[in-house]
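Engineer: Got a structure here, written out as structure tokens. Questions coming.
Residue numbers (the numbering used here): -18 to 204.
The structure is reproduced here in structure tokens:
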């Protein structure tokens, strides 16, 4: 009968008002936080967050991982796991690219870290690679998760992703579009993927960090 609806943002602290945490909510130090953009509902004694969208909705300033899917004389088309492909113009890269030479720098199938430079009113996106840390990714393994899970995979102040890197001796980059790049030994990659799948499934469960830590400890090489 009693039902409350309001839009909430990732990381918002919310008052459970005596109810139990449901989908889209995680507990940290006894406080309840919102996991992803959505609508807060209270029904049958549970507070739930209904996601507004499971697909990535680009926002200016987001850092994303994308795959080049087409090459044109002065730009590349990049799949960033969004409703539309995102163009990357030669002027927005760190290279001096002559007209028609785009294929010498990025080819179809290449993976890049880029930043959302602009998003217009019809959700068309432009990318840039001109800032430090934005680059072509070599090797590694790519997996995709729901963008709504990204905050939990990164963790508060980067705590979860730091633990994943340190306990597996791997390099990991999490794009805000839900695309994750992992580089390391085969064993390390498998451990990271397994841990991320746990985070996906149990994002709303209390004690998630300890659960992931236990998983990584039990799956050390030689165990």
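Where is the CB? At the ideal position from N, CA and C, for every residue including glycine.
Please confirm whether residue 62 and residue 37 have their CB atoms less than 8 angstroms apart.
Structural biologist: Yes, Cβ-Cβ distance for residue 62 and residue 37 is below 8 angstroms.
Engineer: Opposite residue 76 in the DSSP bridges: which residues?
Structural biologist: In DSSP, residue 76 forms no bridge with anything.
Engineer: Under 8 angstroms, Cβ to Cβ, is there at least one residue of chain D near residue 150?
Structural biologist: Note that chain D does not occur in the displayed structure, where there is just one protein chain.
Engineer: Is the stretch 36 to 50 touching the stretch 86 to 100 in the sense that three or more CB pairs, one from each, lie closer than 8 angstroms?
Structural biologist: Output reads yes: the stretch 36 to 50 touches the stretch 86 to 100.
Engineer: Would you report the Cα separation of residue 162 and residue 29, rounded to the nearest angstrom?
Structural biologist: In a straight line, the C-alpha of residue 162 is about 30 angstroms away from that of residue 29.
Engineer: Could you tell me if residue -17 is buried or exposed, where buried requires 16 or more neighbouring beta carbons within 10 angstroms of its beta carbon?
Structural biologist: Its pLDDT being 38, under 50, residue -17 is placed unreliably by the model, and nothing is read from it.
Engineer: Using only the alpha-carbon positions, how far apart do residue 123 and residue 167 sit?
Structural biologist: Going from the Cα of residue 123 to the Cα of residue 167 covers about 13 angstroms.
Engineer: Kindly provide the ranges of any alpha helix (DSSP H) runs that are 4 or more residues long and lie completely inside the stretch 19 to 106, ordered along the chain.
Structural biologist: Listed in chain order, nothing qualifies, since the stretch 19 to 106 has no complete alpha helix (DSSP H) run of 4 or more residues.
Engineer: Using three-state DSSP, classify residue 111 as helix, strand or coil.
Structural biologist: Coil at residue 111, not helix or strand.
Engineer: By the DSSP assignment, the alpha helix (DSSP H) with residue 9 in it spans what residues?
Structural biologist: Unbroken run through residue 9 is the beta strand (DSSP E), 6 to 9; no alpha helix (DSSP H).
Engineer: Can you check DSSP and say which residues form a bridge with residue 164?
Structural biologist: DSSP, once it has assigned bridges, lists 152 as partnering residue 164.
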